Amino acid sequence: MKRIDKILSNEQFREYLKKTAEYEKDRIYCPHNIEHALDTARIAYIKSLETGAKVSKEIIYAAALIHDIGRCRQYEDGTPHEIASVMLGRGILQRCGFDAAEIDEILTAVSEHRAAGKRSELGELLSFADDVSRMCMLCGARATCKWKKEDMNMEVTY
Ligand SMILES: [Fe+2]
Ligand SMILES: [Fe+2]
Numbered sequence: 000m001k002r003i004d005k006i007l008s009n010e011q012f013r014e015y016l017k018k019t020a021e022y023e024k025d026r027i028y029c030p031h032n033i034e035h036a037l038d039t040a041r042i043a044y045i046k047s048l049e050t051g052a053k054v055s056k057e058i059i060y061a062a063a064l065i066h067d068i069g070r071c072r073q074y075e076d077g078t079p080h081e082i083a084s085v086m087l088g089r090g091i092l093q094r095c096g097f098d099a100a101e102i103d104e105i106l107t108a109v110s111e112h113r114a115a116g117k118r119s120e121l122g123e124l125l126s127f128a129d130d131v132s133r134m135c136m137l138c139g140a141r142a143t144c145k146w147k148k149e150d151m152n153m154e155v156t157y
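Numbering that gives the first Met the number 0 applies: residue 0 is where the sequence shown begins, and numbers increase by one.
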């Protein structure tokens, strides 16, 4: 997982996370921080083991780390963050040693993580993990959250 270590220490990756944290410092809803990215990675990897998905652990972690990296851009100029994450994530992945086919697989999943409809295998893992990682049952901001009541995680998914 050397390339995951590279993402985690990549200057741009850290810069985008820092910017997002600044924009979210007074946010009462779920943050888009490193804890969320790692929760998403771990849940997606567990799901991949349970379902026998043909996606490597490293590719799953890369997709999860990158999936919300464009959130700072959304705060800056309104670009939907799944699109901004593709734009900002490409350079990070290139600098961390991922090849063109891997980058394509990862960024396709990132672009799919909020979209309804058919997703790639990795996009499905990412979207599932992204959703169930959120602890709605313990959240004080639930009453005004834009998530539909029926979609909220009122129990832990095992
Ligand atoms: Fe997201
Ligand atoms: Fe997310």
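Just so it is clear, CB atoms sit at the ideal spot from N, CA and C, and this is done for glycine as well. For clarity, every value in this text was computed on a predicted model and none was experimentally measured.
- Sequence-distant partners of methionine 136 (beyond 5 residues in either direction) whose C-beta falls short of 6 Å from its own C-beta, in its chain, are Met153.
- Taking a C-beta distance under 8 Å as the contact criterion, glycine 88 and isoleucine 68 qualify as a contact pair.
- Within the region 31-93, complete alpha helix (DSSP H) segments of at least 4 residues are found at 33-50, 56-65, 70-76, given in chain order.
- Within the same chain, and ignoring the five residues on either side of glutamate 101 in sequence, the residues whose Cβ sits closer than 7 Å to its Cβ are Ile58.
- For glutamate 81, the closest alpha carbon among the candidates Gly122, Glu34, Lys53 is that of Gly122.
- Residue environment for leucine 16: buried (at least 16 other C-beta atoms within 10 angstroms of its C-beta).
- Near ligand 2, meaning a Cβ closer than 5 Å to any of its heavy atoms, lie the following residues in chain order: Asp67, Asp129.
- CA-CA distance, threonine 156 to glutamine 11, rounds to 33 Å.
- Counting other Cβ atoms within 10 Å of its Cβ, alanine 36 reaches 16 or more and is therefore classed as buried.
- With a threshold of 16 other beta carbon atoms within 10 Å, glutamate 14 falls short and is exposed.
- With a threshold of 7 Å, the Cβ atom of arginine 113 counts as near ligand 1, since some heavy atom of the ligand is closer than that.
- By the 16-neighbour rule on beta-carbons within 10 angstroms, aspartate 129 is buried.
- Looking from the CA of threonine 143, the closest CA among Ile27, Lys53, Val54 belongs to Ile27.
- Taking 7 Å as the cut-off, one finds at least one heavy atom of ligand 1 near enough to the beta carbon of glutamate 81.
- By a beta-carbon distance limit of 8 Å, serine 126 contacts glutamate 111. Their separation comes to about 7 Å.
- Per DSSP, threonine 19 is one residue of the alpha helix (DSSP H) stretching across 10-22.
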